[in-house]
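Engineer:
There are 4 protein chains.
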Amino acid sequence: MAEHQSPVPLRKKPSQARARRTVDFILEAATQILASHGEAALTTNHIAERAGFSIGTLYQYFPNRDAILDTLIERERESSEKHIRDALAQVSRGEVAGTVREIVRILVNSFTRHGRMRNRFALSITRLSAARGGQTRLDHVAGSIVEVWCSTGVGTSRDLSDSEAFVLTRAVLGTLRAAVLEDSRLLKTKAFEEAIVRLILGFLRSSTAV
Amino acid sequence: MAEHQSPVPLRKKPSQARARRTVDFILEAATQILASHGEAALTTNHIAERAGFSIGTLYQYFPNRDAILDTLIERERESSEKHIRDALAQVSRGEVAGTVREIVRILVNSFTRHGRMRNRFALSITRLSAARGGQTRLDHVAGSIVEVWCSTGVGTSRDLSDSEAFVLTRAVLGTLRAAVLEDSRLLKTKAFEEAIVRLILGFLRSSTAV
Amino acid sequence: MAEHQSPVPLRKKPSQARARRTVDFILEAATQILASHGEAALTTNHIAERAGFSIGTLYQYFPNRDAILDTLIERERESSEKHIRDALAQVSRGEVAGTVREIVRILVNSFTRHGRMRNRFALSITRLSAARGGQTRLDHVAGSIVEVWCSTGVGTSRDLSDSEAFVLTRAVLGTLRAAVLEDSRLLKTKAFEEAIVRLILGFLRSSTAV
Amino acid sequence: MAEHQSPVPLRKKPSQARARRTVDFILEAATQILASHGEAALTTNHIAERAGFSIGTLYQYFPNRDAILDTLIERERESSEKHIRDALAQVSRGEVAGTVREIVRILVNSFTRHGRMRNRFALSITRLSAARGGQTRLDHVAGSIVEVWCSTGVGTSRDLSDSEAFVLTRAVLGTLRAAVLEDSRLLKTKAFEEAIVRLILGFLRSSTAV
DNA sequence: GATGAATGAGCCTTCATTCAT
DNA sequence: AATGAATGAAGGCTCATTCAT
Numbered sequence: 069m070a071e072h073q074s075p076v077p078l079r080k081k082p083s084q085a086r087a088r089r090t091v092d093f094i095l096e097a098a099t100q101i102l103a104s105h106g107e108a109a110l111t112t113n114h115i116a117e118r119a120g121f122s123i124g125t126l127y128q129y130f131p132n133r134d135a136i137l138d139t140l141i142e143r144e145r146e147s148s149e150k151h152i153r154d155a156l157a158q159v160s161r162g163e164v165a166g167t168v169r170e171i172v173r174i175l176v177n178s179f180t181r182h183g184r185m186r187n188r189f190a191l192s193i194t195r196l197s198a199a200r201g202g203q204t205r206l207d208h209v210a211g212s213i214v215e216v217w218c219s220t221g222v223g224t225s226r227d228l229s230d231s232e233a234f235v236l237t238r239a240v241l242g243t244l245r246a247a248v249l250e251d252s253r254l255l256k257t258k259a260f261e262e263a264i265v266r267l268i269l270g271f272l273r274s275s276t277a278v
Numbered sequence: 069m070a071e072h073q074s075p076v077p078l079r080k081k082p083s084q085a086r087a088r089r090t091v092d093f094i095l096e097a098a099t100q101i102l103a104s105h106g107e108a109a110l111t112t113n114h115i116a117e118r119a120g121f122s123i124g125t126l127y128q129y130f131p132n133r134d135a136i137l138d139t140l141i142e143r144e145r146e147s148s149e150k151h152i153r154d155a156l157a158q159v160s161r162g163e164v165a166g167t168v169r170e171i172v173r174i175l176v177n178s179f180t181r182h183g184r185m186r187n188r189f190a191l192s193i194t195r196l197s198a199a200r201g202g203q204t205r206l207d208h209v210a211g212s213i214v215e216v217w218c219s220t221g222v223g224t225s226r227d228l229s230d231s232e233a234f235v236l237t238r239a240v241l242g243t244l245r246a247a248v249l250e251d252s253r254l255l256k257t258k259a260f261e262e263a264i265v266r267l268i269l270g271f272l273r274s275s276t277a278v
Numbered sequence: 069m070a071e072h073q074s075p076v077p078l079r080k081k082p083s084q085a086r087a088r089r090t091v092d093f094i095l096e097a098a099t100q101i102l103a104s105h106g107e108a109a110l111t112t113n114h115i116a117e118r119a120g121f122s123i124g125t126l127y128q129y130f131p132n133r134d135a136i137l138d139t140l141i142e143r144e145r146e147s148s149e150k151h152i153r154d155a156l157a158q159v160s161r162g163e164v165a166g167t168v169r170e171i172v173r174i175l176v177n178s179f180t181r182h183g184r185m186r187n188r189f190a191l192s193i194t195r196l197s198a199a200r201g202g203q204t205r206l207d208h209v210a211g212s213i214v215e216v217w218c219s220t221g222v223g224t225s226r227d228l229s230d231s232e233a234f235v236l237t238r239a240v241l242g243t244l245r246a247a248v249l250e251d252s253r254l255l256k257t258k259a260f261e262e263a264i265v266r267l268i269l270g271f272l273r274s275s276t277a278v
Numbered sequence: 069m070a071e072h073q074s075p076v077p078l079r080k081k082p083s084q085a086r087a088r089r090t091v092d093f094i095l096e097a098a099t100q101i102l103a104s105h106g107e108a109a110l111t112t113n114h115i116a117e118r119a120g121f122s123i124g125t126l127y128q129y130f131p132n133r134d135a136i137l138d139t140l141i142e143r144e145r146e147s148s149e150k151h152i153r154d155a156l157a158q159v160s161r162g163e164v165a166g167t168v169r170e171i172v173r174i175l176v177n178s179f180t181r182h183g184r185m186r187n188r189f190a191l192s193i194t195r196l197s198a199a200r201g202g203q204t205r206l207d208h209v210a211g212s213i214v215e216v217w218c219s220t221g222v223g224t225s226r227d228l229s230d231s232e233a234f235v236l237t238r239a240v241l242g243t244l245r246a247a248v249l250e251d252s253r254l255l256k257t258k259a260f261e262e263a264i265v266r267l268i269l270g271f272l273r274s275s276t277a278v
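Chains as they are written, first to last, in the numbering used here: chain A, 69 to 278; chain B, 69 to 278; chain C, 69 to 278; chain D, 69 to 278.
Pasting the structure below:
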């Protein structure tokens, strides 16, 4: 119904440890439901039941259903971002091709690391996030990547323009996203990874060349 | 009782001209609702009301809500595909870079041609289609593109492998999709178009090189 | 909704032969639907469709759905009654036990004569008739039986009192009805027939004795 | 999700006293509606309204409309059975004719004890139960009767065969049922009772004789 | 006469949310 | 703080019936 809604503050600051754990339980329950039964099953009563609380308790920590989803989405985004940042932070800075390949591998991995169940969760989150009309999780990640990317010095000879940064990141992430959404068997393929690497290198070279 | 047929079983074949127009009105109403209020507002009652018919009439032509969505999705896919195919059919086959630029321009245009409202519709359709777990509209389009692409002789020296075709199409479409989704001001930029062209050429060259 | 409704006159006297055939088609369609799909499927549209007419035509011959049911029920009752009367008319009037056995056989047969499908129809009719709160088909039949019965002279030595006539007819018909409703395998059994004969003879003897 | 159990799956086990009372209120409301307006009026909304609860509350305790009917049918059957069993348990075992008369009186009484309204309820229940294709309430009662009957030693000299038991119970119950359905003035008559007694004794004697 | 498109009251059911205990 | 019974707007859908063509 409401398509937009800025992040909703928790109804009650979970200052005590117990409260924080309650929130975690609730979010974990939501995650599991998403993973095992899909979005349609994600009802407040269901969540409360699975979390082992009464529906009343759930509403003591979240003002409404959307707040739960928002929190879920936010946490997932943070987690993704952290994961990628951490990985990128360890990329060895040597020859360009090698560095790019490492980065691609990290990204592919970050889209693959989850089990089947977990993937279902990720898909749900992506959809919910999109339905919310807000930034996609990917968009945030893209920012991080460009940032790290530049600092890595891969784009060497010169910085990427806005357009170039946009195209490069979206091209790569969009490809990975499509592969996940279509549940493509290519995803874990060496050839797939190779193609992406070439996509990037080809772009960088032609850019430089120009 | 159920006379189900493949993708969209109309409950009753609109035999009279009036009936056929009614179906169109219903679909148009659904389209508008999607465009103006989003997926959550797409209720059967809402559609019927907006179409200016009673709910009963709606159910004379569609067995259930999903059938309406299916029809909408199907029509949109056909329309997109036709639009792109037609445009691609007229690409001049000369020097590679020029051809690619023409193709890119067509694609950008196909993502841009709709007004704001219409775009919101397209997004909704895309999401609904994805939620349905079926092929994305893009996937079909991607197929058409690769097909035409090859026949165009742009990939010249050799055909693209599965991975390569996948990566190339998704990279381009994903980039455009992201630009639309984020409502990026880059979308109508010369630099943006240029970057995509380079993305493609870079990929093709590095592929050929290998 | 309406639980009661006195027999509804046809909206239009089917004076022409064609019209009478139309009515027959409609009733036959209703009969078939009842037999093959049950009461829930007996919708006016369904009937019209199966009869090969438009819904509008159906309403040209029946003022409403209930009128169709009423007619169906009435016809079935007449048919049952005629069938039994005809059979009873031919009972040989000799020794009492033999006569009773003949009568029982006729009654059992009248409950059995239909095929499975046809039985399903009979059950539906019975239920609909009962739901209508009116006389059961059986009740009418009971009247005929007592009538014929007395004229047969089986109750010989004296006439049956109201109570006796009631109990005797309802006992026999109730037993048969139960056997049909429960779809009992006893129904076509020799022992079953025999038990009913004894029920009647025992009653008649003890009555006379008193 | 579905935690179905045999006959009547309550959606939620009423853990609090209030909840248990709510369930009773709902069933009582359904009973009254059946008694006063018939089956067609037995809608979930109607029930909830009459019970003084919101429709949501109804669905907290019953998964769907049918579950309410099932519960109603089940309860009624249990009640009937218990009532008859209890009464039969106290039959004095002396001379056969006297015992039979006592039993008949009990049965007549069990069909008479309800007021007019209540009877209408019983009829509805019977019809619904039959429509459900399951055992009729009477069938269960019949079982109890035969059971007690035999233990009473009324059938003395030998046990009744299947056919005999069936015919005897259905004849008696069918007669009573018809009397109730037709709202016969005979029902409370001494002559009526007498006739039934004779029906039974006559049957037993002729059986024994054979 | 016949047709069938259109109607709309009303059914069953869900689920986010509140509040007395 | 926690509980869970209760709420009720709203959604999907059916089907008897009407009426313009």
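Note that beta-carbon positions come from the ideal geometry of N, C-alpha and C, so glycine has one too.
Since A:Gly271 meets chain B, which of its residues come closer than 7 Å, beta carbon to beta carbon?
Structural biologist: It is Phe, not Gly, that sits at residue 271 of chain A in the sequence shown. Those are Arg266, Leu267 and Gly270, listed as they occur along chain B.
Engineer: Would the beta-carbon of D:Gly242 fall within 8 Å of that of C:Arg173?
Structural biologist: no
Engineer: Measuring only the C-alpha atoms, how far is B:Leu175 from B:Val214?
Structural biologist: Their backbone Cα atoms lie some 13 Å apart in a straight line.
Engineer: In terms of residues, what are the limits of the alpha helix (DSSP H) holding B:Thr90?
Structural biologist: Ala85 to His105
Engineer: Which residues of chain C have a Cβ atom closer than 7 Å to the Cβ of D:Glu232, listed in chain order?
Structural biologist: Ala263
Engineer: Give the straight-line distance between the Cα atoms of A:Leu110 and A:Leu191, rounded to the nearest whole angstrom.
Structural biologist: 14 Å
Engineer: Can you look up C:Thr180 in the DSSP assignment and give me helix, strand or coil?
Structural biologist: helix
Engineer: Three-state secondary structure (DSSP) at D:Ser225?
Structural biologist: Only weak support is given to the placement of D:Ser225: the predicted model assigns it a pLDDT of 46, under 50, and the value that follows is read from those uncertain coordinates. Three-state result, D:Ser225: coil.
Engineer: Could you say if the segment 247 to 258 of chain A and the segment 249 to 258 of chain B meet the contact criterion of at least three C-beta pairs nearer than 8 Å?
Structural biologist: Output reads no: the segment 249 to 258 of chain B does not touch the segment 247 to 258 of chain A.
Engineer: Look at the alpha carbon of A:Ile136 and the alpha carbon of A:Phe130, and state the distance between them as a whole number of angstroms.
Structural biologist: 6 Å
Engineer: Contact criterion: CB-CB distance below 8 Å. Does D:Ser225 meet it with respect to chain C?
Structural biologist: Any answer about D:Ser225 is weak, because its pLDDT of 46 lies below 50 and its placement is not dependable; what the coordinates show is given next. Not one chain C Cβ lies under 8 Å of D:Ser225.
Engineer: Along the alpha helix (DSSP H) that carries D:Ile238, what are the first and last residues, could you check?
Structural biologist: Contrary to the premise, residue 238 of chain D reads as Arg rather than Ile in this sequence. Counting along the chain, the alpha helix (DSSP H) containing D:Arg238 begins and ends at Asp230 to Leu249.
Engineer: Please check if any C-beta of chain B sits within less than 8 Å of the C-beta of A:Gly242.
Structural biologist: yes
Engineer: Measuring alpha carbon to alpha carbon, tell me which of B:Val265, B:Val240 and B:Leu102 ends up nearest B:Glu144.
Structural biologist: B:Leu102
Engineer: Among C:Glu232, C:Val235 and C:Gly106, which residue has its Cα nearest to the Cα of D:Arg200?
Structural biologist: C:Gly106
Engineer: Against D:Arg245, what residues of chain C qualify as contacts under a CB-to-CB distance less than 7 Å, listed in chain order?
Structural biologist: Gly242
Engineer: Near B:Leu269, what residues of its chain come up, given a Cβ to Cβ distance below 8 Å and the 5 sequence neighbours on each side ignored?
Structural biologist: Val164, Ala165 and Val168
Engineer: So which residues of chain C does D:Glu20 contact, with C-beta pairs closer than 8 Å?
Structural biologist: Absent from the model: residue 20 of chain D. The displayed extent of chain D is 69 to 278, so no value can be given.
Engineer: Given a limit of 7 Å on CB to CB distance, which residues of the segment 163 to 174 of chain B reach chain A?
Structural biologist: So nothing in the stretch comes that close.
Engineer: Is C:Glu163 helix, strand or coil by DSSP?
Structural biologist: Coil.
Engineer: Ignore the nearest five residues each way along the sequence and tell me which others in A:Arg186's own chain have a CB closer than 7 Å to its CB.
Structural biologist: Ala103
Engineer: Take A:Val209 as the anchor and find which of A:Ser147, A:Arg266, A:Asn113 and A:Thr112 has the nearest alpha-carbon.
Structural biologist: A:Ser147
Engineer: On a CA-only basis, which of A:Ser178, A:Arg266, A:Ala85 and A:Glu261 is nearest A:Lys150? Give me that one, please.
Structural biologist: A:Ser178
Engineer: In angstroms with no decimal places, state the Cα-to-Cα distance between B:Asp134 and B:Tyr127.
Structural biologist: 11 Å
Engineer: In or out: D:Thr194 buried (at least 16 other Cβ within 10 Å) or exposed?
Structural biologist: buried
Engineer: Are any of the Cβ atoms in chain C nearer than 8 Å to that of D:Glu107?
Structural biologist: yes
Engineer: For C:Val91 and C:Asp138, what's the separation of their Cα atoms in angstroms?
Structural biologist: 13 Å
Engineer: Could you tell me which of D:Phe189, D:Leu272, D:Phe271 and D:Arg266 sits nearest to D:Thr99, measuring between CA atoms?
Structural biologist: Sorting D:Phe189, D:Leu272, D:Phe271 and D:Arg266 by C-alpha distance to the C-alpha of D:Thr99 places D:Phe189 at the top.
Engineer: Looking at C:Ala246 and the ligand COA, is the gap between the Cβ and the nearest heavy atom below 7 Å?
Structural biologist: Absence of the ligand COA is noted for the structure shown, with no ligands found whatsoever.
Engineer: Which chain A residues sit within Cβ distance under 8 Å of B:Ser148?
Structural biologist: In chain order: nothing, as chain A lies at least about 16 Å away.
Engineer: For a cutoff of 8 Å on Cβ pairs, would you count D:Leu156 as touching chain C?
Structural biologist: no
Engineer: By how many angstroms is the C-alpha of D:Ser160 removed from the C-alpha of D:Ile152?
Structural biologist: 15 Å
Engineer: With distances taken Cα to Cα, identify the nearest neighbour of B:Leu236 among A:Ser122, A:Ala259 and A:Ala157.
Structural biologist: A:Ala259
Engineer: Can you check whether the CB of D:Ile115 is closer than 8 Å to the CB of D:Ile141?
Structural biologist: Judged by beta-carbon spacing, D:Ile115 lies beyond the 8 Å limit of D:Ile141, meaning their Cβ atoms are not closer than that value.
Engineer: I'd like the list of long-range same chain contacts for C:Arg181, defined as Cβ closer than 7 Å, with 5 residues on each side in sequence excluded.
Structural biologist: none
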